[in-house]
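Step one of this worksheet: look at the structure below.
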Amino acid sequence: MDLPMRLRFYLSLFLLTALTMSLTSDVSARQNLDETEQHLASFVDSRVEGAIALLERVVNINSGSMNFDGVRAVGAVFDEELTALGFETRWVDGSAFDRAGHLFATRGNTGPHFLLIGHLDTVFEIDSPFQEFNRESEDRAVGPGVIDMKGGDVVMVEAARALKAAGILDNMTITVALIGDEESSGDPLELGRAALVEAAIEADIVMAFEPGDGNPGTAVLARRGFTGWELHTTGKRAHSSSVFSEQTGYGSIFEAARILTRFQEELVGEELLTFNPGLILGGTSVEFDEENDRGNAFGKTNVVSEKTIVSGDLRTISPEQRKAIKDRMRALIEDNLPGTSAKLTFRDSYPPMGQTIGNEELLAIFNQASMDAGYGSVVAGDPRQAGAADVSFAASHARMALDGLGMTGGGTHTTHEWADLETLPMQTTRAAITMYRIARDWNE
Ligand SMILES: [Zn+2]
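With this note's numbering applied, the sequence shown corresponds to residues 1 to 444, in that order.
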């Protein structure tokens, strides 16, 4: 054979081998499922169009976080579905934190206790131009909240439905938490998440169905928490000609600049840590409107600055890191420039979801379930890609937790949000087999 011919021969041999391998791997993969799991997987496959119809129905109900009636209406659809599967449901009223509230549903009192987390609200309020589900092709649909996260909510319900059809739903306890204000959380946040924390304390395993990083081959093992911080520095008001002198000192703006530089010099490069000053106001007088992230400052170039305010965020991967960094930041504001003082305050918002051994174990079970069902491996996504989410309130209270188990697609929070509809049965089967295997092995 001449060279091009030999190449073509090897190429076709390679393609043939690859084709054969992919066929056999699919078939043999499903052969690794036991009879119950085969039943689960084929039930989910048979339900695809029904599941998509449910998704379409809830996407077509506007449930922007501030459209309380809409959030309740989406809750009512899931209430009906879950009640039909034997769940006891209750609506947690949200008036105490100025939001619609949440739907909680519980079923069973034996075996492992799963807490499944989703949310009913979307970022698309009633005045958004993006209101409708539109199936663009066999495998693709666009719609507000179609993956963030009504798709994930449907995955949960369909997994429970499949477990019931396979006769194994009674072997476990499930609490479903559908939060009504994930995208724009009410205030106080602790009150808005009290029911979720309570449910997590009761649960053994937390599974959350946010869309993750858009890659169906990853799940979210860890999420960074979010803490707000505010730096206030003060100086002595005086004519600028006396700046740096003993009686006047440096002024508040130089002191704020010194501290920010210290933060940057000492803390940049810590693993998975970021912090960002997002706003600075300084001068003779400042007014800071915290609520709306804006303010006014007045100061003349020939007057030493008296007040400076900086507000920023801090994202950390574990409660330990969060505490350590706060301590170091507090230490770095000391040794003030002459004539100045500084004060630093923190406000914790979403806690970090740490990467624990339990979470790694749950990922291993989920990964095995996926491979056995012919859906390939699932690895941990990059925590930097994962924003704060409700799972963070629950994860530390349970033995194991995993997020990013919802449908994937892209364009979340934009008017092009789209879903890969093939990930609906995929994620449902993965979740159902994972739950079945955990329940099967629970007492061993
Ligand atoms: Zn979401």
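C-beta: ideal position from N, C-alpha, C; glycine also.
Do residue j and residue i have their beta-carbon atoms positioned less than 8 Å apart in this structure?
i	j	result
residue 100	residue 180	yes
residue 162	residue 432	yes
residue 110	residue 87	no
residue 403	residue 223	yes
residue 209	residue 123	no
residue 125	residue 64	yes
residue 75	residue 103	yes
residue 41	residue 429	yes
residue 351	residue 383	no
residue 283	residue 298	yes
residue 70	residue 62	yes
residue 286	residue 238	no
residue 332	residue 48	no
residue 281	residue 269	no
residue 398	residue 203	yes
residue 406	residue 151	yes
residue 325	residue 260	no
residue 157	residue 80	no
residue 390	residue 39	no
residue 85	residue 160	yes
residue 148	residue 413	yes
residue 371	residue 216	no
residue 90	residue 77	no
residue 408	residue 214	yes
residue 246	residue 338	yes
Mind reading off the beta-carbon distance from residue i to residue j? Whole number of angstroms is fine, and I expect it under 8 Å.
i	j	result
residue 392	residue 435	Between residue 435 and residue 392 the Cβ distance is about 21 Å, and since that is not below 8 Å, they are no contact.
residue 206	residue 212	The pair is not a contact, with the Cβ atoms about 15 Å apart (cut-off 8 Å).
residue 342	residue 232	7 Å
residue 43	residue 165	5 Å
residue 336	residue 240	That belief does not hold up - the Cβ atoms of residue 336 and residue 240 are roughly 19 Å apart, past 8 Å.
residue 30	residue 373	7 Å
residue 251	residue 340	7 Å
residue 172	residue 439	4 Å
residue 174	residue 108	6 Å
Please confirm whether residue i has its beta-carbon closer than 8 Å to some beta-carbon of chain B.
i	result
residue 324	No chain B is present in this structure, which holds just one protein chain.
Closer than 7 Å: is that where the CB of residue i sits relative to any heavy atom of ligand 2?
i	result
residue 229	For ligand 2, the structure offers nothing, since it holds only ligand 1.
**Message:** Check whether the region 184 to 198 and the region 372 to 382 are in contact - that is, three or more C-beta pairs closer than 8 Å.
**Reply:** no
**Item:** Residues with C-beta closer than 6 Å to any heavy atom of ligand 1, in chain order
**Value:** 119, 148, 149, 182, 210
**Request:** Could you tell me whether the region 327 to 347 touches the region 221 to 235, where touching means 3 or more Cβ pairs closer than 8 Å?
**Result:** yes
**Contiguous beta strand (DSSP E) assignments of at least 3 residues, all confined to the region 310 to 356** = 341 to 348
**Asked** Should the region 264 to 278 be called in touch with the region 302 to 309, which here means at least 3 C-beta pairs below 8 Å?
**Response** no
**Meets three-Cβ-pair contact criterion under 8 Å: the region 130 to 145 and the region 410 to 427** = yes
**Message:** Within 8 Å, do at least three Cβ pairs link the region 113 to 122 to the region 91 to 98?
**Reply:** no
**Asked** Enumerated in chain order, which unbroken segments of the beta strand (DSSP E) with a length of 3 residues or greater are wholly contained in the region 128 to 163?
**Response** 134 to 137, 140 to 142
**Prompt:** Do the region 354 to 373 and the region 189 to 199 make contact, defined as three or more Cβ pairs closer than 8 Å?
**Reply:** no
**Request:** Would you mind listing the beta strand (DSSP E) stretches within the region 37 to 66 that are 3+ residues and don't spill past its ends, in chain order?
**Result:** none
**Prompt:** What are the start and end residues of each continuous beta strand (DSSP E) run of 3 or more residues lying completely inside the region 390 to 438, in chain order?
**Reply:** 400 to 402, 418 to 420
**Message:** What ranges does the beta strand (DSSP E) occupy inside the region 163 to 205, keeping only unbroken runs of at least 3 residues that lie completely in it?
**Reply:** 173 to 179
**Message:** Restricting to runs no shorter than 3 residues, where is the beta strand (DSSP E) found entirely within the region 212 to 273?
**Reply:** 225 to 234
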